[in-house]
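Take a look at the structure below.
2 protein chains.
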Amino acid sequence: MKTSTTRSPRKAKGHGAERREEILAAALTLFSERGVHAVSTRQIAELAGISQPALYAYFTTKDDMAAELCVRAFATLVERMGAARVEGQPTVENFERSLRVYVDFGIENPNPYRVAFMIEKSHDGAFLEKTAGRPLIAGLEAFGLFRDMVGEYQAEGLTVLDDAQLATQTLWAGLHGLVSLLIARAEFPWVERETLIAAHIAMLRRGALK
Amino acid sequence: MKTSTTRSPRKAKGHGAERREEILAAALTLFSERGVHAVSTRQIAELAGISQPALYAYFTTKDDMAAELCVRAFATLVERMGAARVEGQPTVENFERSLRVYVDFGIENPNPYRVAFMIEKSHDGAFLEKTAGRPLIAGLEAFGLFRDMVGEYQAEGLTVLDDAQLATQTLWAGLHGLVSLLIARAEFPWVERETLIAAHIAMLRRGALK
DNA sequence: AATGATAAGTTATCAGTGATAGATTGTTGT
DNA sequence: ACAACAATCTATCACTGATAACTTATCATT
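Put into C-alpha cells, the structure is as follows:
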C-alpha cells in the first residue's frame, strides 16, 4: 500500500518551519546591530539556539538570510508607500509625505536597503542571480509604486517635467543620495538629521513640482 | 663615529617607497572590481608581486589601504572642483556647471568614487578612530570647497536656504544619488543619460536657488 | 510494539580570511 | 670584512562560511 497523505516531519524540540523564523529573528537582530558582514553564522546559530551547520538546512548561504530579510523589508516599504498614497489628494503635503516614507524606510532598514540598492552586482556573477536578485526585484516593485505616485501629480499638471519616467528617476536618485550617504557615511558631520531630511525633501519638491 | 645623515633603506628588488604605490595600485584595481570585503589581502599581495604579510609593513590593516585610496580620491575631486570654480560669477549657468563637474567626476572616475563614497568599511568600532579619520578629513576638505561655492551664491541672496552648510549637504546628497546609482545600477533602464543628468541638475538648481 | 524511512540536528572538518611572530635575506656605511 | 638594519619571507594563529558523515527523533505502516 502507498500513502497519499503527506508525511509530517518531527515536531519535538525543533519546531519545524518555526525554526526558520527563529533563525531569521536572530539574524535580523544581529544584522541590525552590527551589519551583515560583522556577524558570523556561529553567532546567529548561538542566538537561535542551534548548531552553526543547522542553519544550512534552512538557508543556502548567509547572504540568503539577508536576502530573505530584505524581501520582507521591501514588502513593508511597498505596504507603507501604498498606505501613504491612498491618504489624500495630490497636494504638496502629500507629495513630501510620500518622499518621507521612502527616506524613513531606508534609514530604519539600512541592511535591506544596502542589499537592494548599494551592493554592486560585480561582486560575484552568481551572487546577484541567486540571492540579490530577489531583493532587487522587490525593490523595483517599490520603485514602480513610486512612479505611479509621481504619475498622479504629473497627470494633474503639477510636475515640472512632462516625462513621468524621467521625473521619477530624478526624484528617486535625489532621495537615494541622502539615504545611502546617511547609511554609508554615518560618521560624516551631518547637520541635525531631522533638519537635513526635511530640507532635502523640500528641495526635491521645489525642483519637481510647479 | 656616528652618522648624522639618515640611512637609506634597501633599494634593490623592493623599490622602497615605490612598493607602497604598487600595493595601492593593486588594491585600487581589485577594490574597484569586486569591492573591499570581497578582495583578500592575498589577492592584493599576489597582484602586487609580494607575499601577503609584506603588506603589513606598509599598512596597518586592509581598511587602512581603502582609507588611503579614499583620501586620494577626495584630493582629485578637490583639484577638479577648484579648477572648475574660478570660472566666473555666481550665475545659474555657473551653478549648474559646478554641479556638473561633480557628476562628471563621478562618472569618469567610478573606481575612486566607489572607494570614496560607496564602499563601506568595517563596522569595527576601532576602525573609525584609526583609519576613517583621514578620509573624513579629506572629505571635509572637498565638502568645504563645495560649501564655499554654495556660500558665494548664498552671499548674493540667491539660495533658498540661509544655512550654507545645510544647503551644501542637501545638494551633495542629491548629486551623489544620481552618480552612485548610475555607477552601481548601470543596467537599470534609465532614460537617456544626458537627458537624465541635465534634468537632475536642473531640478536640484530649482530646489536650491531662488 | 517493531520496523523502515525520513527529517533534523549533531560533531568533525574543510579551504580561505586577516593578522602576527620569528627567521632570513640583502643592502648599507664604516 | 663586518655589524647594523630594513625588507621580506615562511609558518602559524584564531576565525570565517560552508560541507560531509553520522546520530537521533518522529512518523506511517505492519
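Protein chains in written order, with the numbering used here: chain A, 11 to 220; chain B, 11 to 220.
Don't be surprised by glycine CBs; every beta carbon is placed ideally from N, CA and C.
Remember, it's a predicted structure, so these values are computed and weren't measured experimentally.
What does residue i touch in chain A if you count any residue whose Cβ is under 8 Å from its own?
i	result
VAL201 (chain B)	ASP173, GLN175, LEU176, GLN179
LEU79 (chain B)	Going along chain A, no residue has its Cβ under 8 Å from LEU79 (chain B), so there is no contact; the nearest lies around 15 Å.
PHE127 (chain B)	LEU191, ALA194, ARG195
LEU146 (chain B)	GLU197, PHE198
From residue i to residue j, what distance separates their C-alpha atoms?
i	j	result
LEU87 (chain B)	PHE115 (chain B)	7 Å
GLY187 (chain B)	PRO120 (chain A)	16 Å
GLN175 (chain B)	ARG157 (chain B)	6 Å
ALA85 (chain B)	ALA209 (chain B)	28 Å
LEU181 (chain A)	TYR68 (chain B)	44 Å
ARG144 (chain A)	PRO63 (chain A)	24 Å
LYS72 (chain B)	TYR66 (chain B)	9 Å
ALA222 (chain B)	ARG29 (chain B)	This structure does not reach residue 222 (chain B), given that chain B is present from 11 up to 220, and the question cannot be answered.
VAL201 (chain B)	LEU40 (chain A)	39 Å
LEU150 (chain A)	PHE127 (chain A)	10 Å
MET91 (chain B)	LEU171 (chain A)	29 Å
For residue i, count neighbouring C-beta atoms within 10 Å of its own C-beta (all shown protein chains included) and say buried if the count is 16 or more, exposed if not.
i	result
ILE211 (chain A)	buried
THR70 (chain B)	exposed
LEU214 (chain B)	buried
LYS23 (chain B)	In this prediction, LYS23 (chain B) scores a pLDDT of 46, lower than 50, which makes its location untrustworthy; no coordinate-derived value is stated.
PRO122 (chain A)	buried
PHE2 (chain A)	Lying before the first or after the last residue shown, residue 2 (chain A) is absent from chain A, which here runs from 11 to 220.
ILE33 (chain B)	buried
GLN179 (chain B)	buried
PRO199 (chain A)	exposed
GLN3 (chain A)	Chain A is shown only over 11 to 220; residue 3 (chain A) falls outside these bounds and no answer can be derived.
ALA37 (chain A)	buried
ARG52 (chain B)	exposed
SER190 (chain A)	buried
TYR163 (chain A)	buried
ARG78 (chain A)	Sequence check: residue 78 (chain A) is Glu here, not Arg. That one is buried.
GLY154 (chain A)	exposed
GLY184 (chain A)	buried
ARG203 (chain B)	exposed
ILE60 (chain A)	buried
List the residues of chain A that residue i touches, going by C-beta distances under 9 Å, in chain order.
i	result
LEU65 (chain B)	Correct list: empty, because the minimum Cβ distance to chain A is about 20 Å.
LEU206 (chain B)	LEU176, GLN179, THR180, ALA183
GLY149 (chain B)	ARG195, PHE198
GLU103 (chain B)	Simply none; closest approach about 17 Å.
GLU130 (chain B)	GLY45, HIS47, ARG124, MET128, ILE193, ALA194, ARG195
For residue i, go through chain B and note every residue whose CB falls closer than 8 Å to its CB, in chain order.
i	result
VAL170 (chain A)	MET213, ARG216
Find the residues of chain B that neighbour residue i, judging by a C-beta separation of less than 7 Å, and give them in chain order.
i	result
ALA183 (chain A)	GLY187, LEU188, LEU191, HIS210
Based on the DSSP secondary-structure assignment, which residues constitute the bridge partners of residue i?
i	result
LEU219 (chain B)	B:THR169
Shorter than 7 Å, the distance from the beta carbon of residue i to the closest heavy atom of the ligand GDP, or not?
i	result
GLY161 (chain B)	Annotation note on the ligand GDP: not contained in the displayed structure, which lists no ligands.
Ignoring anything shorter than 4 residues or poking outside the region 13-95 of chain B, list the alpha helix (DSSP H) runs there in chain order. 27-44, 51-58, 72-95
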